[in-house]
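*Asks:* Let me begin by handing over the structure; questions about it come next.
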Amino acid sequence: MIKIKDKQFSVFIEEKEIQASISILAQEINHHYKGQEVVFIGVLNGAFMFASDLLKQIDLDCSISFVKVSSYKGTNSTGIVHELIGVNESLKGKNVVILEDIVDTGLTLDKVRVLLGAEHPNTLKIATLLFKPDAFLGKQEPDFIGLHIENKFVIGYGLDYDELGRNTRDIYKLTEENKNMLNIVLFGPPGAGKGTQSERLIEKYNLKHLSTGDIFRANIGGGTDLGKLAKSYIDKGQLVPDEVTIDMLKSEVSKYPDAKGFIFDGFPRTNAQATALDQFLASQDTSITAMIALDVPEEELKERLKKRAESSGRSDDADPKIIENRIAVYRKETEPVKTFYQAQNKYIAIDGVGTMDEISERLYISVDRLN
Ligand code: AMP
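The sequence shown begins at 4 in our numbering and counts up one residue at a time.
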């Protein structure tokens, strides 16, 4: 995610997808103009990166120059006059391809087409990296199109917001934050009571409970490949690798597009997971509202886990050595995640010792303050 001035943008099209679509465009153009000479004309400022990457893959005899469209208030009937700055050579009889970074309404492009058409080229075509069909009001669609995109405000890879943000490899879209969602990370060491309290929170606030531990255990029960993999780590009290856990969590969140919010229980457990969660939620136009930590002293944790082992049937609860290891992993890998949310002013700690009702009451007070 990046911030420019007052706005947040999340990754929309990754570099590799941009480059793959440019390769296909280059092949189409090479094929279309085989054996002919082409003059490429990039429309500044946005098209500079696209023009540069595309031209590297053109194997025709070609030249390139750049134009700027300037508009000023004139005295004709429309009031606005457009002119092209930078056309220094004669285009008469040439095959001209205009390069655009994006075509949305297409109105400027219509002007460029008319102005360049007046130079009497042999052929005049348009190649654009991005095309927004839903916004298009122009007369004629571009001839070569890299990617069709929805009607979102995009920046990066040459495209700007107030002249900023052109210098990125990926393309970003404006996030329209869904302010109504309540997304809480319930945090605390093993045995802190996250599972129990999550159940109460989802009931009271009508949220969805996502416990990565529960999802792994369901997979182990179901004998899936993911379950087999997870079991090999869980049984040793180690963390399941980030990549596996992150992918699994994303696919779980995606199952509930209409959720009012989520309680994340047992996730994120590493800084890499926290970063991935932020990026993923931003791509869904939402974010973490708060991390609420249940504070419980270590001795009490061990007592609770010992008790839980009698009834939970969890192999990782049964062996004191594995419990020790889980707590050690928590201190080393998971506790630093607190700093991640503190830096965003989203960290809240509450006393996790007391009756279940007392702890719930403290949680409700914290959550109500968030709204
Ligand atoms: P829990 O039920 O949250 O105590 O999780 C039980 C076990 O599942 C943990 O000790 C880890 O081995 C694994 N696990 C659960 N959540 C995660 C996560 N976010 N990242 C890595 N491993 C996890």
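All residues carry an ideal CB built from backbone N, CA and C; glycine is no exception.
Identify every run of the beta strand (DSSP E) within the stretch 125–176, keeping only runs that are complete inside it and at least 3 residues long; order them along the chain.
*Replies:* Runs found: 126–134, 147–151.
*Asks:* With burial defined as no fewer than 16 other Cβ atoms inside 10 Å of the residue's Cβ, what is the status of residue 207: buried or exposed?
*Replies:* Looking at its Cβ environment, which holds fewer than 16 other Cβ atoms inside 10 Å, residue 207 is exposed.
*Asks:* From residue 356 to residue 218, what does the alpha carbon distance come to, in whole angstroms?
*Replies:* In a straight line, the C-alpha of residue 356 is about 27 Å away from that of residue 218.
*Asks:* Return the CA-CA distance between residue 185 and residue 175, expressed in angstroms with no decimal places.
*Replies:* Answer to the nearest angstrom: the Cα atoms are 24 Å apart.
*Asks:* Kindly indicate which three-state DSSP category residue 50 falls into: helix, strand or coil?
*Replies:* Of the three classes helix, strand and coil, the one that applies to residue 50 here is coil, per DSSP.
*Asks:* Please classify residue 365: does DSSP put it in a helix, a strand, or coil?
*Replies:* In this structure, residue 365 counts as helix in the three-state DSSP scheme.
*Asks:* Given a threshold of 16 other Cβ atoms within 10 Å of its Cβ, counted over all protein chains shown, does residue 143 qualify as buried or as exposed?
*Replies:* Classification of residue 143: exposed, given that the 10 Å Cβ count is below 16.
*Asks:* Just verifying my parser: in three-state terms, what is the DSSP assignment at residue 79?
*Replies:* The pLDDT assigned to residue 79 is 48, lower than 50, so where the model puts this residue is not dependable, and the model offers no usable value.
*Asks:* Answer yes or no: do residue 29 and residue 43 have a C-beta to C-beta separation smaller than 8 Å?
*Replies:* No, they are not a contact pair.
*Asks:* Determine the direct distance from the alpha carbon of residue 266 to that of residue 312, and round the result to whole angstroms.
*Replies:* Each residue's alpha carbon lies about 24 Å from the other.
*Asks:* Measure the C-alpha to C-alpha separation of residue 138 and residue 73 and round it to an integer number of angstroms.
*Replies:* Cα-Cα distance, rounded: 22 Å.
*Asks:* For residue 80, does the count of other Cβ atoms within 10 angstroms reach 16, so buried, or fall short, so exposed?
*Replies:* Interpretation of residue 80 is limited by its pLDDT of 47, a score under 50 that renders its predicted location unreliable; no figure is taken from the coordinates.
*Asks:* Any idea what DSSP makes of residue 243, helix, strand or coil?
*Replies:* Three-state DSSP puts residue 243 in coil, outside helix and strand.
*Asks:* Which same chain residues, not among the five before or five after residue 40, have their C-beta less than 6 Å away from its C-beta?
*Replies:* Same-chain partners within the cutoff: 64.
*Asks:* Does the Cβ of residue 241 lie closer than 7 Å to at least one heavy atom of the ligand AMP?
*Replies:* For the ligand AMP, at least one heavy atom lies less than 7 Å from the Cβ of residue 241.
*Asks:* State yes or no: is the C-beta of residue 333 within less than 8 Å of the C-beta of residue 136?
*Replies:* No.
*Asks:* Can you pull the DSSP bridge partners for residue 265?
*Replies:* Bridge partners of residue 265: 186, 211.
*Asks:* Does residue 387 pass the burial test, meaning 16 or more other C-beta atoms within 10 Å, or should it be called exposed?
*Replies:* Any question about residue 387 goes unanswered here, given that the chain covers just 4 to 374.
*Asks:* State the CB to CB distance for the pair residue 375 and residue 114, rounded to an integer number of angstroms; the pair is presumed to be in contact (CB under 8 Å).
*Replies:* Since the first and last residues shown for the chain are 4 and 374, residue 375 lies out of range.
*Asks:* Which residues mark the beginning and the end of the beta strand (DSSP E) in which residue 298 is found?
*Replies:* 293–298 is the extent of the beta strand (DSSP E) around residue 298.
*Asks:* Could you tell me if residue 329 is buried or exposed, where buried requires 16 or more neighbouring beta carbons within 10 angstroms of its beta carbon?
*Replies:* By the 10 Å Cβ count, residue 329 comes out buried.
*Asks:* Identify every residue that forms a DSSP beta bridge with residue 71.
*Replies:* For residue 71, which the question treats as bridged, DSSP gives the partners 88.
*Asks:* Which first and last residues belong to the beta strand (DSSP E) in which residue 15 is found?
*Replies:* Unbroken beta strand (DSSP E) run through residue 15: 10–16.
*Asks:* Can you tell me whether residue 314 is buried or exposed, with buried defined as 16 or more other CB within 10 angstroms of its CB?
*Replies:* Exposed, because fewer than 16 other Cβ atoms sit within 10 Å of the Cβ of residue 314.
*Asks:* Would you mind reading off the limits of the alpha helix (DSSP H) that contains residue 341?
*Replies:* Residues 340–345.
*Asks:* Can you find a heavy atom of the ligand AMP that lies under 7 Å from the Cβ of residue 278?
*Replies:* It does not: the Cβ of residue 278 is nowhere closer than 7 Å to a heavy atom of the ligand AMP.
*Asks:* State yes or no: is the C-beta of residue 269 nearer than 7 Å to some heavy atom of the ligand AMP?
*Replies:* Correct: residue 269 has its Cβ closer than 7 Å to the ligand AMP.
*Asks:* For residue 103, does the count of other Cβ atoms within 10 angstroms reach 16, so buried, or fall short, so exposed?
*Replies:* Buried is the call here.
*Asks:* Per DSSP, which one or two residues make a beta bridge with residue 40?
*Replies:* Answer is 64, bridged to residue 40.
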